[in-house]
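A quick write-up on the structure given underneath.
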Amino acid sequence: MSPASSRKDRVMTKADTTQAADKAIATWAAAWAESSTESVQRMLEQVWAEDGQYTDPNTVLKGRAEVADYIVKFQQRLPGARFVYSKPNMHHGFLRIAWQLLLLDGTIRTEGMDFAELGPDGRFRTVVGFFGPPPSAK
503 MSPASSRKDR VMTKADTTQA ADKAIATWAA AWAESSTESV QRMLEQVWAE DGQYTDPNTV
563 LKGRAEVADY IVKFQQRLPG ARFVYSKPNM HHGFLRIAWQ LLLLDGTIRT EGMDFAELGP
623 DGRFRTVVGF FGPPPSAK
């Protein structure tokens, strides 16, 4: 790779993708536990594309700033709540992760699954969240 090539121009190896996904998930989870706008923004800068999109059954957010604002409001509604995530199941820059939302006392408020796309720089481009267990295949 020439020095003029940027990181975003190179193809990530499987090891790069796994490492990027692990970092993105850990930082994403930590951001949801923060109540400071500045802290959330700093964390998202590391793992969220500037124009990345987040959607779940309750909202559609476009851009890092909207996501940061949503997270801060979430912490205002549920102080001390946090998400715990499974290890990702991944292929071709896409991943799925199961999660639980834990309240301050450690009780599980809800659970669900996120499907996400990582950009070539290892940042989330898209996260689509689903609440509750997956539907039965029967």
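Residue numbers (the numbering used here): 503 to 640. We treat Cβ as the ideally placed atom computed from N, Cα and C, and that holds for glycine. All values derive from a computational prediction rather than experimental measurement.
Exercise for review: Identify whether K575 lies in helix, strand or coil by the three-state DSSP scheme.
Suggested key: Secondary structure at K575: helix, using DSSP grouped into helix, strand and coil.
Review point. What is the DSSP secondary structure of L606, counted as helix, strand or coil?
Key: L606: coil per DSSP, three-state reduction.
Review point. Can you name the start and end residues of the alpha helix (DSSP H) that R544 belongs to?
Key: For R544, the uninterrupted alpha helix (DSSP H) segment begins and ends at T539 to V549.
**Study point:** Proximity test, Cβ basis, 7 Å: S538 and chain B
**Key:** Given the protein chain composition of this structure (a single chain), no chain B is represented.
Check your understanding: Taking the alpha carbon of G608 as the point to measure from, which residue in A522, N560, G582 and P622 has its own alpha carbon closest?
Key -> Selected option, being the one with the closest Cα: G582.
**Study point:** Straight-line gap, V456 to T557 (C-alpha atoms, nearest Å)
**Key:** Outside the displayed span of the chain (503 to 640) sits residue 456, for which this structure offers no information.
Review point. Are the Cβ atoms of V542 and I573 separated by less than 7 Å?
Key: Cβ distance < 7 Å, so V542 and I573 count as in contact.
Review point. Start and end of the beta strand (DSSP E) containing R654?
Key: Here the chain has residues from 503 to 640 only, and residue 654 is not among them.
Point to revise | Buried or exposed by the 16-neighbour rule on C-beta atoms within 10 Å, applied to A618 | key: Only buried fits A618, as 16 or more other CB atoms lie within 10 angstroms of its CB.
**Study point:** Nearest-angstrom Cα separation, counted from R611 out to L464
**Key:** Absent from the structure is residue 464, since the part of the chain shown begins at 503 and ends at 640.
Check your understanding: Rounded C-beta distance between M545 and T529? I'm assuming under 8 Å.
Key -> Indeed, because the Cβ distance is near 5 Å, the residues count as touching under 8 Å.
Check your understanding: Going by the beta-carbon positions, is the gap between F585 and A523 smaller than 7 Å?
Key -> Between F585 and A523, the C-beta spacing is not below 7 Å.
Exercise for review: Can you give me the start and stop residues for the beta strand (DSSP E) that R627 sits inside?
Suggested key: F626 to F633 is the extent of the beta strand (DSSP E) around R627.
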